[in-house]
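Asker:
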Amino acid sequence: MSYKERLTRLEKLLRVDNQSKRDNANVGGASASSVEKQDDAEETYDSIDLFELKNLVFHGLPGDSQYRALVWRLLLNYLPANSIKSWDEFLVKKRNNYKHFVNDLLVIREESGERNSDHPLNPEPDSKWQVFFKDNDVLLQIDKDVRRLCPEISFFQTETAYPNEQVVSGKMDRLHKRVQSVVLESSNVIRKGLGITKINPKGPMIQDGSETGEYHWEVVERILFIYAKLNPGQSYVQGMNEIIGPIYYTLANDPDVIWRENAEADTFYLFTNLMGEIRDFFIRSLDNSVSGIKRMMEMLMDSLKSRDQAVYAHIVKLEIHPQYFAFRWITLLMSQEFALPEVLRIWDSLLSDHKRFDFLIDLATAMIIHIRSELLSGDFPSNMKLLQNYPPLDVRDILTLANSFSTTSS
Amino acid sequence: MAKKTYDLLFKLLLIGDSGVGKTCILFRFSDDAFNTTFISTIGIDFKIKTIELKGKKIKLQIWDTAGQERFHTITTSYYRGAMGIMLVYDITNLKSFENIAKWLRNIDEHANEDVEKMILGNKCDMDDNRQVPKERGDAIAQEHGIKFMETSAKNNINIDRAFHELAEAILNKTSRETSSSSGLPGSNMNAELQDRVNLNTNNKSNNRISQCC
Numbered sequence: 001m002s003y004k005e006r007l008t009r010l011e012k013l014l015r016v017d018n019q020s021k022r023d024n025a026n027v028g029g030a031s032a033s034s035v036e037k038q039d040d041a042e043e044t045y046d047s048i049d050l051f052e053l054k055n056l057v058f059h060g061l062p063g064d065s066q067y068r069a070l071v072w073r074l075l076l077n078y079l080p081a082n083s084i085k086s087w088d089e090f091l092v093k094k095r096n097n098y099k100h101f102v103n104d105l106l107v108i109r110e111e112s113g114e115r116n117s118d119h120p121l122n123p124e125p126d127s128k129w130q131v132f133f134k135d136n137d138v139l140l141q142i143d144k145d146v147r148r149l150c151p152e153i154s155f156f157q158t159e160t161a162y163p164n165e166q167v168v169s170g171k172m173d174r175l176h177k178r179v180q181s182v183v184l185e186s187s188n189v190i191r192k193g194l195g196i197t198k199i200n201p202k203g204p205m206i207q208d209g210s211e212t213g214e215y216h217w218e219v220v221e222r223i224l225f226i227y228a229k230l231n232p233g234q235s236y237v238q239g240m241n242e243i244i245g246p247i248y249y250t251l252a253n254d255p256d257v258i259w260r261e262n263a264e265a266d267t268f269y270l271f272t273n274l275m276g277e278i279r280d281f282f283i284r285s286l287d288n289s290v291s292g293i294k295r296m297m298e299m300l301m302d303s304l305k306s307r308d309q310a311v312y313a314h315i316v317k318l319e320i321h322p323q324y325f326a327f328r329w330i331t332l333l334m335s336q337e338f339a340l341p342e343v344l345r346i347w348d349s350l351l352s353d354h355k356r357f358d359f360l361i362d363l364a365t366a367m368i369i370h371i372r373s374e375l376l377s378g379d380f381p382s383n384m385k386l387l388q389n390y391p392p393l394d395v396r397d398i399l400t401l402a403n404s405f406s407t408t409s410s
Numbered sequence: 001m002a003k004k005t006y007d008l009l010f011k012l013l014l015i016g017d018s019g020v021g022k023t024c025i026l027f028r029f030s031d032d033a034f035n036t037t038f039i040s041t042i043g044i045d046f047k048i049k050t051i052e053l054k055g056k057k058i059k060l061q062i063w064d065t066a067g068q069e070r071f072h073t074i075t076t077s078y079y080r081g082a083m084g085i086m087l088v089y090d091i092t093n094l095k096s097f098e099n100i101a102k103w104l105r106n107i108d109e110h111a112n113e114d115v116e117k118m119i120l121g122n123k124c125d126m127d128d129n130r131q132v133p134k135e136r137g138d139a140i141a142q143e144h145g146i147k148f149m150e151t152s153a154k155n156n157i158n159i160d161r162a163f164h165e166l167a168e169a170i171l172n173k174t175s176r177e178t179s180s181s182s183g184l185p186g187s188n189m190n191a192e193l194q195d196r197v198n199l200n201t202n203n204k205s206n207n208r209i210s211q212c213c
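Just so you know, the protein sequences line up as chains A and B, in that order. Quick note: the first sequence uses full-length UniProt numbering, first residue 1, plus one each step. Quick note: the second sequence uses full-length UniProt numbering, first residue 1, plus one each step.
1) Over the uninterrupted alpha helix (DSSP H) stretch that includes Leu340 (chain A), give me the two end residues.
2) Since Met86 (chain B) is in the beta strand (DSSP E), which residue starts that stretch and which ends it?
3) Going by other Cβ atoms of all chains shown within 10 Å of its Cβ, with 16 needed for buried, is Tyr78 (chain B) buried or exposed?
4) Just confirm the distance between the C-beta atoms of Ile398 (chain A) and His354 (chain A), as a whole number of angstroms; I'd bet it's less than 8 Å.
5) Does the beta carbon of Ala66 (chain B) come closer than 9 Å to any beta carbon on chain A?
6) So, Leu120 (chain B) versus Tyr89 (chain B), is the Cβ gap smaller than 9 Å?
7) Exposed or buried, Met367 (chain A), counting other C-beta atoms within 10 Å across all chains shown (16 or more means buried)?
8) Of the choices A:Gly213, A:Leu139, A:Ala265, whose alpha-carbon is the least far from that of Thr160 (chain A)?
9) Mind reading off the beta-carbon distance from Asp379 (chain A) to Leu304 (chain A)? Whole number of angstroms is fine, and I expect it under 8 Å.
10) Verify whether the separation of the beta carbon atoms of Arg68 (chain A) and Thr250 (chain A) is less than 9 Å.
11) Given a threshold of 16 other Cβ atoms within 10 Å of its Cβ, counted over all protein chains shown, does Thr41 (chain B) qualify as buried or as exposed?
12) Is residue 411 (chain A) helix, strand or coil when you go by DSSP?
13) Please list the segments of the beta strand (DSSP E) lying wholly inside the region 42 to 80 of chain B, counting only runs of 3 or more residues, in order along the chain.
14) Between which two residues does the alpha helix (DSSP H) holding Lys11 (chain B) run?
15) Taking 9 Å as the threshold (beta carbon to beta carbon), is Met275 (chain A) in contact with chain B?
16) Please report whether the beta-carbon of Gln142 (chain B) lies at a distance below 9 Å from any beta-carbon of chain A.
17) Taking 9 Å as the CB-CB limit, is Asp394 (chain A) close to chain B?
18) Count the C-beta pairs between the region 66 to 85 of chain B and the region 229 to 245 of chain A that are closer than 8 Å, then say yes if the count reaches three, no if not.
19) Around the Cβ of Glu374 (chain A), are there at least 16 other Cβ atoms within 10 angstroms (buried) or fewer (exposed)?
20) If you draw a straight line from the alpha carbon of Ser30 (chain B) to that of Phe46 (chain B), how long is it in whole angstroms?
21) Closer than 7 Å by beta-carbon distance: list the chain A residues that pair up with Ile100 (chain B), in chain order.
22) Give the C-beta separation of Ile247 (chain A) and Thr267 (chain A) to the nearest angstrom, bearing in mind that I take them to be a contact with Cβ-Cβ under 8 Å.
23) Ignore the nearest five residues each way along the sequence and tell me which others in residue 411 (chain A)'s own chain have a CB closer than 7 Å to its CB.
24) Return the CA-CA distance between Asn231 (chain A) and Phe10 (chain B), expressed in angstroms with no decimal places.
25) Going by C-alpha to C-alpha distance, which of A:Gly63, A:Asp46, A:Leu50 sits closest to Arg6 (chain A)?
26) Check each residue of the region 42 to 71 of chain B: if its Cβ is closer than 7 Å to any Cβ of chain A, include it; give the result in chain order.
27) By the DSSP assignment, the alpha helix (DSSP H) with Asn103 (chain A) in it spans what residues?
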């Protein structure tokens with residue numbers, strides 16, 4: 001299929017040719033090269049063939065990324081593919097829900113009367129203040145990580161056009177200011193010698209968040225914190241920032257204004273859905289389970305062994321264990337191995353996998369085999385370097401190689 | 001295989017809370033550069049640098065670890081073969097200092113008994129935001145009989161020195177004991193390296209170094 005044919009096919013699958021319908025639904029949508037309205041057989045236009053969509057997108061997304069945000073919303077089972085008609089109502093509901101999460105979880109309420117019984121030094125575990133302090137540990141970790149998200153591009157350090165209004169108007173505290181104040185409190189008191197404390201007059205340097213608006217990293221910080229609050233058993237684990245990064249980037253750069261405006265809420269749901277599938281990688285106690293990270297690394301080594309005995313044997317001989325490189329590859333779905341545009345392309349394929357995330361193993365295998373001659377002539381340190389800093393390449397090469405595995409085997 | 005270009009191979013490990021600057025310290029040492037925009041380390045990272053010490057070419061194989069609890073299963077498996085461990089806290093972050101005790105327990109539990117340790121109080125260029133007085137670093141180091149220095153990866157203070165001193169302590173120990181084997185990854189390379197080094201064994205390194213900051 002030519003590029004043009006693929007694009008036409010995609011637009012047909014996404015029903016973006018039926019522009020007027022989408023406009024009526026008032027949910028925006030990818031601003032398509034509009035084709036004339038088709039009145040006939042309306043009901044057939046109410047669903048999207050997810051199976052066909054995956055088959056197409058697996059080989060790359062035509063249309064200069066303009067449909068990526070919409071496609072990912074479908075691939076990650078957020079938008080109901082079987083009922084385009086319901087999207088309008090669905091999205092209003094979901095986005096309102098998210099608003100409630102923000103309001104309910106990010107404000108410590110001081111209802112009248114309660115103030116006397118609860119206070120910052122209240123040792124009761126259900127004291128709101130205890131929860132507040134415990135949350136701040138999580139928040140501090142998130143804060144450190146979102147500030148160092150995708151440093152090679154400036155996007156996350158720029159202001160969003162759609163900040164949280166309560167934050168901007170000063171009705172709600174900025175999350176990063178909240179952990180700064182915790183740092184400030186503890187820094188004020190310094191132990192000197194035997195039990196003598198002194199107040200340190202110098203506060204910490206206030207790191208530069210946005211003063212008037214909100215930076216994109218502040219938005220990501222809020223989503224991750226809400227996710228951590230709603231999933232206390234798992235909370236926030238380093239690396240989740242790398243998973244949410246490509247999703248938020250894609251949604252916040254949607255060419256359609258209405259969808260872009262709701263990037264924060266929708267990213268929350270897409271991230272939640274994706275984490276639902278890969279959360280076991282992030283949970284230490286599940287390392288050894290069938291869905292845990294160790295099993296995935298074993299699958300990679302098995303796959304390599306069956307496809308390239310020589311490289312496999314060499315790596316094993318050098319004692320280069322998969323956890324030295326593949327732990328990160330798999331846990332982060334390759335998001336730290338390549339530049340963002342390549343990551344987005346890779347994720348198109350990973351998310352289009354009919355059996356998520358089998359293709360991730362094929363891809364990791366292909367990455368090793370792609371550099372086989374370097375690996376075979378390398379020793380431990382040079383191979384470690386190579387695997388931990390994967391050389392830049394045209395990702396289509398490894399995607400094609402990986403794809404050849406899935407078509408030749410089974 | 002290429003002719004080896006070094007006499008000894010030392011395996012070092014960097015541990016400490018997330019965000020204290022482990023990766024920056026390593027980057028300063030290996031590439032003599034500073035970068036504030038490091039992504040967080042997931043799992044474990046790896047760098048090599050060869051230094052010269054007492055006429056010996058010593059290849060340092062340095063493992064940089066993720067700080068968060070979740071990664072401890074992955075990272076503690078490296079403790080066993082490490083010959084030296086740098087334990088890093090951030091002088092502007094009290095909590096990272098308070099956790100030093102926890103990291104020391106981790107070392108006791110997972111590392112070789114005779115592993116050389118060193119405590120680094122990093123970010124000493126940010127004195128205005130200091131939460132941990134230098135004396136407290138001194139005190140905990142003294143209490144455990146470990147070397148201590150304050151460092152700044154940003155201003156390149158004591159970084160080279162820290163690695164050299166740690167390597168020297170290991171070298172002194174290696175020359176006292178005639179052999180040691182190691183379970184750290186890549187240790188099969190080490191077999192050919194078990195040269196008997198006969199260097200003076202006078203342990204001249206002071207327990208604590210007080211300079212700068």
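C-beta: ideal position from N, C-alpha, C; glycine also. A quick note: this is a predicted structure, and the numbers were derived from the prediction, not measured.
Answerer: Taking the structure as given:
1) The sequence position of residue 340 (chain A) within the first sequence is 340, counting from 1. Leu340 (chain A) -> alpha helix (DSSP H) spans 340 to 352.
2) Within the second sequence, residue 86 (chain B) is the residue found at index 86, counting from 1. Taken as a continuous stretch (DSSP letters only), the beta strand (DSSP E) holding Met86 (chain B) covers 84 to 90.
3) Taking the first residue of the second sequence as position 1, residue 78 (chain B) is located at position 78. Counting Cβ neighbours within 10 Å, Tyr78 (chain B) comes out buried, since at least 16 surround it.
4) The residue given as residue 398 (chain A) occupies position 398 in the first sequence. The residue given as residue 354 (chain A) occupies position 354 in the first sequence. Actually they are not in contact, since the Cβ atoms of Ile398 (chain A) and His354 (chain A) sit about 20 Å apart, beyond 8 Å.
5) Residue 66 (chain B) sits at position 66 when you count from the first residue of the second sequence. By this cut-off, Ala66 (chain B) is an interface position.
6) In the second sequence, the residue the question calls residue 120 (chain B) occupies position 120. In the second sequence, the residue the question calls residue 89 (chain B) occupies position 89. Between Leu120 (chain B) and Tyr89 (chain B), the gap from beta carbon to beta carbon is short of 9 Å.
7) The residue given as residue 367 (chain A) occupies position 367 in the first sequence. Classification of Met367 (chain A): buried, given that the 10 Å Cβ count is 16 or more.
8) By one-based count along the first sequence, residue 160 (chain A) stands at place 160. Comparing Cα positions, the closest option is A:Gly213.
9) As a working note, residue 379 (chain A) is residue 379 in the first sequence. As a working note, residue 304 (chain A) is residue 304 in the first sequence. The pair is not a contact, with the Cβ atoms about 19 Å apart (cut-off 8 Å).
10) The count along the first sequence starts at 1 and reaches residue 68 (chain A) at position 68. The count along the first sequence starts at 1 and reaches residue 250 (chain A) at position 250. Going by beta carbons, Arg68 (chain A) and Thr250 (chain A) fall inside the 9 Å limit.
11) Within the second sequence, residue 41 (chain B) is the residue found at index 41, counting from 1. Buried, by the Cβ-count rule.
12) Nothing in the structure corresponds to residue 411 (chain A), since chain A is present only between 1 and 410.
13) Runs of the beta strand (DSSP E) inside the region 42 to 80 of chain B: 44 to 53, 56 to 65.
14) Working through the second sequence from its first residue, we reach residue 11 (chain B) at position 11. Counting along the chain, Lys11 (chain B) falls outside any alpha helix (DSSP H), though it belongs to the beta strand (DSSP E) covering 8 to 16.
15) In the first sequence, the residue the question calls residue 275 (chain A) occupies position 275. No, because no Cβ of chain B sits closer than 9 Å to the Cβ of Met275 (chain A).
16) As a working mapping, residue 142 (chain B) is identified with position 142 in the second sequence. By this cut-off, Gln142 (chain B) is not an interface position.
17) Your numbering for residue 394 (chain A) matches position 394 in the first sequence. Asp394 (chain A) does not count as touching chain B.
18) yes
19) As a working mapping, residue 374 (chain A) is identified with position 374 in the first sequence. By the neighbour-count rule (16 or more Cβ atoms within 10 Å), Glu374 (chain A) is not buried but exposed.
20) Stepping through the second sequence from its first residue, residue 30 (chain B) is reached at position 30. Stepping through the second sequence from its first residue, residue 46 (chain B) is reached at position 46. C-alpha of Ser30 (chain B) to C-alpha of Phe46 (chain B): approximately 11 Å in a straight line.
21) Here residue 100 (chain B) corresponds to residue number 100 of the second sequence, with the count starting at 1. Under the 7 Å cutoff, chain A gives no residues; its nearest Cβ is about 15 Å from Ile100 (chain B).
22) For the purposes of this step, residue 247 (chain A) is identified with residue 247 of the first sequence, where counting begins at 1. For the purposes of this step, residue 267 (chain A) is identified with residue 267 of the first sequence, where counting begins at 1. Going by Cβ atoms, the distance from Ile247 (chain A) to Thr267 (chain A) rounds to 5 Å, so yes, they are a contact pair.
23) Since the displayed chain A opens at 1 and closes at 410, residue 411 (chain A) lies outside it and no answer follows.
24) In the first sequence, counting from the first residue as 1, residue 231 (chain A) sits at position 231. In the second sequence, counting from the first residue as 1, residue 10 (chain B) sits at position 10. Those two C-alpha atoms are separated by around 42 Å.
25) The count along the first sequence starts at 1 and reaches residue 6 (chain A) at position 6. Closest in C-alpha terms to Arg6 (chain A), from the list A:Gly63, A:Asp46, A:Leu50, comes A:Gly63.
26) Ile42, Gly43, Ile44, Asp45, Phe46, Ile48, Gln61, Ala66, Gln68, Arg70
27) Start at 1 with the first residue of the first sequence, and residue 103 (chain A) comes out as number 103. Per DSSP, Asn103 (chain A) belongs to the alpha helix (DSSP H) from 87 to 106.
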